[in-house]
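A short worksheet on the structure shown next.
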Amino acid sequence: MSIDLTFIGQIIVFLALVYLMKKHLFGPMSELMEARSKKIAEGLAAADAGLDAKARAEAEIAEQLKDARSKAAEIVASAERRAAEIGEEAVNRSRTEAEGIVDAAREEVHAELGRARQALRNEVADIALIAAERVIESELDAKRHAALIDGIVSSGFGHA
Amino acid sequence: MAEQGHEGGIAGHLHYWTFKIDESNPFMQIHLDTMLISIVVAGAMLAFALWLKGKLVDGAPSGAQNFMESVVGFVEDTVSDNFPVHNPLIAPLAFTIFIFIALVNTIDVLPVFLIGNIAHLFGVHHFRPVPTNDLNLPAAMAISVFVLVLYYEFKLKPLHFCKELLFEPFTNLVPVYLKPFVMPINLILKLVEEIAKPLSLSFRLFGNMFAGEVIFLLISFLLLSGGPVGMISGFFVGLGWSIFHLFIGLLQAFIFMILTVVYLSIAHQPVEH
């Protein structure tokens with residue numbers, strides 16, 4: 346057990362070995378492991394980010410679906426309201442038109458009735474004239490006058 | 099090349115294969131077995147590193163890469179748990195210390211005379227196959243770490259370190275007129291404290307591994323000279339000790355690494371005001 350030149354030689358061997366191990370084994374392996382750890386960490390972060398993005402997208406989709414459902418419900422309600430309005434408008438229009446037709450028919454009936462009355466008056470007048478002519482022409486007594494007029498009138502109204 | 103003479107018993111197996119440059123100066127010699135095995139282990143580590151470097155894959159690792167990544171991850175976690183700042187040198191240093199010491203310690207579980215007998219075939223009379231059983235290797239590593247600690251102490255907080263050497267803990271406790279007298283005592287105690295770090299680091303590893311080798315030698319002598327009963331009991335005791343010593347070797351490698359990280363971590367700690 347003595348310290349001698351071996352000590353110096355061992356220092357040289359040891360320091361050279363530290364340098365060579367750092368350069369050829371520890372350094373490359375450490376860099377490799379660090380790069381791999383970094384890659385794994387990045388992959389995990391990307392996976393987390395993907396999961397977050399998926400969750401956000403799902404939430405956004407749910408929100409959009411909710412909005413779409415709400416808008417669809419509004420559209421359906423609006424369409425139903427519009428359909429009811431259109432139906433009501435059609436009914437009102439039909440009713441107005443029907444009333445117009447009825448009024449027109451009634452006016453026409455009135456006009457026709459008026460015309461008929463007028464024609465009747467004219468005919469009665471003509472008959473009266475004819476009857477008067479006959480009375481004047483035939484010189485009949487009162488009874489015959491009355492019977493004649495009644496006969497004319499009844500025969501005239503019978504034609505009317 | 100000079101070799102130490104043959105001796106019997108355990109002591110005879112505790113000599114190094116030594117090359118003496120100057121017979122009169124005990125420092126001027128080299129333990130060739132320690133150098134050879136440590137260079138072979140270092141070379142094997144480098145060859146493995148170059149081989150693995152060419153086979154590294156970005157995707158899911160397998161086989162050797164998977165195993166080494168678990169070791170690198172373990173060392174990086176240990177360093178990051180203890181270190182207040184990032185220093186790119188610390189983790190590779192801790193990794194090299196752990197792997198190198200674990201590998202050279204593992205040589206100790208080979209049959210105790212195996213490599214020595216192989217060396218005998220090549221005319222080498224003494225061969226110690228485990229470099230950590232030679233104080234030179236643990237001391238070299240501990241001193242390297244200690245120098246690194248001093249470097250960071252002076253680089254990161256030079257005034258604080260000098261102040262600590264001179265004033266903490268005793269000088270600050272005495273009145274001003276006594277400070278010049280207490281300061282040298284404080285300095286000596288602090289130097290002892292600092293020097294104890296590399297000493298304990300190196301002697302812990304050396305002592306454990308050396309004691310383990312001596313126990314292996316004792317068991318082997320029991321196995322070889324105790325008759326049939328000694329052989330059978332020696333085999334099982336040797337097997338048990340091999341398994342335990344494998345664990346001790348790994349534990350010592352871990353302790354050396356963790357203390358290195360802790361000492362360097364202390365040197366990197368920010369100054370508290």
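Line by line, the protein sequences are chains A and B.
If you read the first sequence in the working numbering, its first letter stands for residue 346, the second for the next number, and so on.
If you read the second sequence in the working numbering, its first letter stands for residue 99, the second for the next number, and so on.
We put the CB at the ideal spot given by N, CA and C, even for glycine.
Determine, using beta carbons only, whether residue i comes closer than 8 Å to chain A.
{"i": "proline 227 (chain B)", "result": "no"}
{"i": "aspartate 156 (chain B)", "result": "yes"}
{"i": "proline 124 (chain B)", "result": "yes"}
{"i": "histidine 129 (chain B)", "result": "yes"}
{"i": "serine 242 (chain B)", "result": "yes"}
{"i": "asparagine 284 (chain B)", "result": "no"}
{"i": "methionine 143 (chain B)", "result": "yes"}
{"i": "methionine 355 (chain B)", "result": "no"}
{"i": "glutamine 102 (chain B)", "result": "Bear in mind that the predicted position of glutamine 102 (chain B) carries a pLDDT of just 43, short of 50, making it unreliable; the figure below should be weighed with that in mind. Answer no: the Cβ-Cβ gap between glutamine 102 (chain B) and chain A never drops below 8 Å."}
{"i": "glutamate 311 (chain B)", "result": "no"}
{"i": "threonine 358 (chain B)", "result": "no"}
{"i": "phenylalanine 181 (chain B)", "result": "no"}
{"i": "phenylalanine 198 (chain B)", "result": "yes"}
{"i": "leucine 303 (chain B)", "result": "no"}
{"i": "leucine 299 (chain B)", "result": "no"}
Leaving aside the five residues before and after residue i along the sequence, list all residues of the same chain whose C-beta is less than 8 Å from its C-beta, in chain order.
{"i": "glutamate 452 (chain A)", "result": "none"}
{"i": "asparagine 270 (chain B)", "result": "none"}
{"i": "threonine 358 (chain B)", "result": "Leu191, Ala192, Ile195, Val243, Leu299"}
{"i": "histidine 366 (chain B)", "result": "Phe181, Pro182, Val183, Asn185, Tyr250, Leu254"}
{"i": "leucine 320 (chain B)", "result": "Gly328, Ser331, Gly332, Val335"}
{"i": "phenylalanine 259 (chain B)", "result": "Glu251, Phe252"}
{"i": "glutamate 266 (chain B)", "result": "Asn284, Lys288"}
In chain A, which residues lie with their C-beta within 7 Å of the C-beta of residue i?
{"i": "leucine 238 (chain B)", "result": "It is alanine, not leucine, that sits at residue 238 (chain B) in the sequence shown. Per Cβ cutoff of 7 Å: Phe352, Gln355, Ile356, Phe359."}
{"i": "alanine 140 (chain B)", "result": "Val358, Leu362"}
{"i": "serine 136 (chain B)", "result": "Gln355, Val358"}
{"i": "threonine 194 (chain B)", "result": "Leu362, Val363, Met366"}
{"i": "aspartate 232 (chain B)", "result": "Thr351"}
{"i": "lysine 151 (chain B)", "result": "His369, Leu370, Pro373"}
{"i": "alanine 294 (chain B)", "result": "The premise fails here: alanine 294 (chain B) is roughly 17 Å from chain A at the closest Cβ pair, so nothing lies under 7 Å."}
Name the DSSP bridge partner or partners of residue i?
{"i": "threonine 116 (chain B)", "result": "B:His129"}
Ordered along the chain, which non-local residues of its own chain (more than five positions away) have a Cβ less than 6 Å from that of residue i?
{"i": "aspartate 495 (chain A)", "result": "none"}
{"i": "glycine 459 (chain A)", "result": "none"}
{"i": "tryptophan 115 (chain B)", "result": "Leu130, Asp131, Val222, His224, Phe225"}
{"i": "valine 139 (chain B)", "result": "Leu201, Val202"}
Among the residues of its own chain, which have a CB less than 7 Å from the CB of residue i, if the five just before and after it don't count?
{"i": "isoleucine 317 (chain B)", "result": "Gly332, Val335, Gly336, Trp339"}
{"i": "serine 136 (chain B)", "result": "Val202, Pro229, Leu235"}
{"i": "alanine 392 (chain A)", "result": "none"}
{"i": "glycine 310 (chain B)", "result": "Asp206, His343, Ile346"}
{"i": "isoleucine 481 (chain A)", "result": "none"}
{"i": "alanine 390 (chain A)", "result": "none"}
Could you tell me which chain B residues have their CB closer than 7 Å to the CB of residue i, listed as they occur along the chain?
{"i": "aspartate 412 (chain A)", "result": "Near aspartate 412 (chain A) there are no residues of chain B at all, since even the closest Cβ is about 47 Å away, more than 7 Å."}
{"i": "arginine 381 (chain A)", "result": "Asp156"}
Going by beta-carbon coordinates alone, are residue i and residue j separated by less than 8 Å?
{"i": "leucine 257 (chain B)", "j": "leucine 285 (chain B)", "result": "no"}
{"i": "isoleucine 364 (chain B)", "j": "arginine 302 (chain B)", "result": "no"}
{"i": "valine 312 (chain B)", "j": "isoleucine 188 (chain B)", "result": "no"}
{"i": "proline 296 (chain B)", "j": "alanine 240 (chain B)", "result": "yes"}
{"i": "leucine 513 (chain A)", "j": "leucine 150 (chain B)", "result": "Only positions 346 to 505 of chain A appear in this structure, which leaves residue 513 (chain A) out of reach."}
{"i": "methionine 374 (chain A)", "j": "methionine 166 (chain B)", "result": "yes"}
{"i": "methionine 143 (chain B)", "j": "phenylalanine 198 (chain B)", "result": "yes"}
Counting contacts by CB-CB distance shorter than 8 Å, is residue i in contact with chain B?
{"i": "leucine 377 (chain A)", "result": "yes"}
{"i": "lysine 367 (chain A)", "result": "yes"}
Could you check whether the Cβ of residue i sits closer than 7 Å to any heavy atom belonging to the ligand ZN?
{"i": "methionine 133 (chain B)", "result": "Here there are no bound small molecules, and the ligand ZN is not part of this structure."}
Since residue i meets chain A, which of its residues come closer than 9 Å, beta carbon to beta carbon?
{"i": "glycine 221 (chain B)", "result": "Near glycine 221 (chain B) there are no residues of chain A at all, since even the closest Cβ is about 21 Å away, more than 9 Å."}
{"i": "threonine 132 (chain B)", "result": "Thr351, Gly354, Gln355"}
Consider the Cβ of residue i: report whether some Cβ of chain E lies at a distance smaller than 8 Å.
{"i": "serine 347 (chain A)", "result": "Checking the listed chains, one finds no chain E in this structure; the protein chains it contains are A and B."}
In chain A, what lies closer than 8 Å to residue i by C-beta?
{"i": "alanine 189 (chain B)", "result": "Phe371, Ser375"}
{"i": "glycine 171 (chain B)", "result": "Met378"}
{"i": "methionine 166 (chain B)", "result": "Leu370, Met374"}
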